[in-house]
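Numbering follows the UniProt record's numbering, with no gaps: position 179 of the sequence shown is 179. The C-beta atom is built at its ideal place from N, Cα and C for all residues, glycine as well. Single-structure report; data block below.
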Amino acid sequence: MEQRLHPFQDVTQSALDLENASNDIVHSTMSVFLMVVASLAVGKMFDMIYLPPLLGALLVGIAVRNVPALFSVVYVNDYWEFMLRKITLVNIIIRWGLSVDVNFIRQNLVFSSVLGITSATFEAIVISLLAIFLYDMSPGMAIIAGFLLATVSPAITGPVMAKLRAMKIGCEKKITYFVPAASCFDNIFSIFVFSLTSSLVFTRGLLLPALISTIGAIVLGAMVGLFLGFVMTWFPRNDSSHTQFARIFLLGSVSHGVILSMVVLGYAFPGIVCTLIFCIIAGTKWRNDNQKKIDVVAHSYDVLWKCVSSPILFMLVGYKFNLDNLSWYELKMTLTLVIVGAFVRFFTAMALAACGNFRISEQFVLALSLVPKATVQCALGPSLLLSAQKFPEYAENIKVIIYACVVSVIITAPLVEILLSYLAPKLLRHDVCHTLYLDPSVGYAPAKSIDEAPGDGNVTFTQFRSIYVPQLTSPGTVYPRNGVNGTYR
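Structure follows, in structure tokens:
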């Protein structure tokens, strides 16, 4: 009689023959499906109590891995797990590219880049030094750990900044735009250093050829991304009947093809660079070439992220977190790296923000927005396990790095989201439209001339008040305002 595989049956050699491809596919499919459904349900409950849904998916994976009754019935093929993480990474890169405001970055290039890159560098240096001198980690692995843990997650701060923009809060000094711009520079720089260091550490040959090969692949990937981006600005046409669907389909298919093919060739980071540049160029053109702009395309990938990619990514990372293999020494080590790094990042960002024209409350929001970790740690951290197979001498260091990634998500993601959601509306200013009403019966006072207009040619209300109002009236003078007397103050 043919033996059938039940999704809740214990994984044994008799029940699941790993040489049998059909059983392997069925069991992996059922396991991933059930864990995704559980992640969505738990994530929804977390969302109801104002916690990030991704934390629920992460805890589902941890529970499945560490509860024997659940772990015995769940099996995910290692190759499937690797490819699923790469597919979710594609969604991250697409959403990242579509969210980049090129015009704002061009106008505020210096401050955005300094805030993102400098704060990330300080955090990475401190984490690397702690790992080297306190925990005897090799310098190469310490640098990898530093820049991997220093990368900020736009998945946490992005929704909060979008809500603040919708509420017209913090837009006067562009706080809600500086955070995504600084995060963009942070991510690009940190992932670049992480990938470059990984290519040098995980090689048995000479370092110089490996370095030249990696940099050459990055340059080639950037050129391919530029070419694909310019092609997508003209195709499909913006006046066709199915423009939005065609753009969604082409954006996803081309991005998946580029990243997965580069992963197979062994050049993961050049694929990320190519896809990111391609999405930025295409998204910049699509913002203004049709009535619906880029909203439909961006919303489609936001829904895909929330319903599919985010549960899969964080559930699979939690599935790697085995508490039985985590000693107290390793737990103390991961907590030290994460907590000290977060404090260094916060105070460094505060110091950098103080150099700008921001109040102390605005500096606090800017600095706090650069602390949370989530997507990059979960997407790139487990990929180090493949390197551990060929370099067993780094196996213990890689295990600690992966555990530190999970701990950083558990600590920083919910804490920062709660603090930002509660404090940011109170600390940032609401944008208020000021209108000055003058009684037509009052004679005109002589105007005060100025030599030149402000930098942008527009006179703001504050400048108008300082130039003209003192000549018109004194505080306390009453003027009719639409038939109602009002006092100017």
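Own chain, CB closer than 6 Å to Thr275, minus 5 neighbours either side, in chain order = Numbered from 1 along the sequence shown, position 275 holds the residue referred to as residue 275. Here the set comprises Ile93, Ser255, Val258, Ile259.
Name the two residues that bound the continuous alpha helix (DSSP H) containing Trp328.
-> Position 328 of the sequence shown, counted from the start, is the residue given in the question as residue 328. Element bounds for Trp328: 328-354.
CB-CB under 6 Å to Leu89, same chain, minus the five flanking residues each way: which ones, in chain order?
-> As a first step, residue 89 must be located in the sequence shown, where it is residue number 89. If we look at Leu89 and ignore the five residues flanking it on each side, its Cβ neighbours are Ala379.
Distance, Leu70 Cα to Leu84 Cα | The residue you call residue 84 lines up with position 84 of the sequence shown. The residue you call residue 70 lines up with position 70 of the sequence shown. Going by the C-alpha atoms only, they are around 21 Å apart.
Among the residues of its own chain, which have a CB less than 6 Å from the CB of Trp80, if the five just before and after it don't count?
-> Start at 1 with the first residue of the sequence shown, and residue 80 comes out as number 80. Answer for Trp80: Ser28, listed in chain order.
For Met45, is the classification buried or exposed, using 16 other Cβ atoms within 10 angstroms of its Cβ as the cut-off for buried?
-> As a first step, residue 45 must be located in the sequence shown, where it is residue number 45. Counting the other Cβ atoms within 10 Å of the Cβ of Met45 gives fewer than 16, which makes it exposed.
How far does the alpha helix (DSSP H) with Met315 in it reach, from first residue to last?
-> Translated into positions along the sequence shown, residue 315 becomes position 315. Here the alpha helix (DSSP H) through Met315 covers 310-319.
Does the distance from the CB of residue 528 to the CB of Ser99 come in under 9 Å?
-> No answer is possible for residue 528: it lies beyond the span of the chain, which begins at 1 and ends at 489.
Where in the stretch 194-247 do unbroken runs of the alpha helix (DSSP H), each at least 4 residues long, occur, reported from the N-terminal end onward?
-> DSSP runs (the alpha helix (DSSP H)) wholly in the stretch 194-247: 207-234.
Hey, how far is the Cα of Ile62 from the Cα of Trp234?
-> For this step, residue 62 is matched to residue 62 along the sequence shown. For this step, residue 234 is matched to residue 234 along the sequence shown. Their backbone Cα atoms lie some 46 Å apart in a straight line.
For the candidate residues Cys355, Phe314, Ile410, Ile277, whose alpha-carbon lies nearest to that of Lys338?
-> Reading the sequence shown from its first residue, position 338 is the one you call residue 338. In the sequence as displayed, the identity of residue 338 is Val instead of Lys. Of the listed residues, the one whose Cα sits closest to Val338 is Ile410.
Going by other Cβ atoms of all chains shown within 10 Å of its Cβ, with 16 needed for buried, is Ile398 buried or exposed?
-> In the sequence shown, counting from the first residue as 1, residue 398 sits at position 398. Ile398 is buried by the Cβ-count criterion.
So who's on the other strand from His430, going by DSSP bridges?
-> Mapped onto the sequence shown, residue 430 falls at position 430. Per DSSP, Ile169.
Decide if Glu123 is buried, meaning its Cβ has at least 16 other Cβ atoms within 10 Å, or exposed.
-> The residue you call residue 123 lines up with position 123 of the sequence shown. Buried, by the Cβ-count rule.
Mind checking which residues open and close the alpha helix (DSSP H) that includes Arg65?
-> For the purposes of this step, residue 65 is taken as the residue at position 65 of the sequence shown. Unbroken alpha helix (DSSP H) run through Arg65: 53-66.
What residue range is occupied by the uninterrupted alpha helix (DSSP H) comprising residue 497?
-> The requested residue 497 does not occur in the structure, where the chain is confined to residues 1 to 489.
Roughly how many whole angstroms lie between the Cα atoms of Lys292 and Asn91?
-> To locate residue 292, count along the sequence shown from 1; it is residue 292. To locate residue 91, count along the sequence shown from 1; it is residue 91. Using only the alpha carbons, I get a separation of about 21 Å.
Sort Asn325, Ile87, Val74, Ala41 by Cα distance to Trp305 and report the nearest one.
-> Looking up residue 305 in the sequence shown gives position 305. Comparing Cα-Cα distances from Trp305 to each of Asn325, Ile87, Val74, Ala41, the minimum goes to Ile87.
Assigned exposure category for Asn288 - 16 Cβ within 10 Å defines buried | Walking along the sequence shown from the start, residue 288 turns up at place 288. Label assigned to Asn288: exposed.
Beta carbon of Phe269, beta carbon of Thr336: below 9 Å?
-> As a position in the sequence shown, residue 269 is number 269, starting the count at 1. As a position in the sequence shown, residue 336 is number 336, starting the count at 1. Contact: no.
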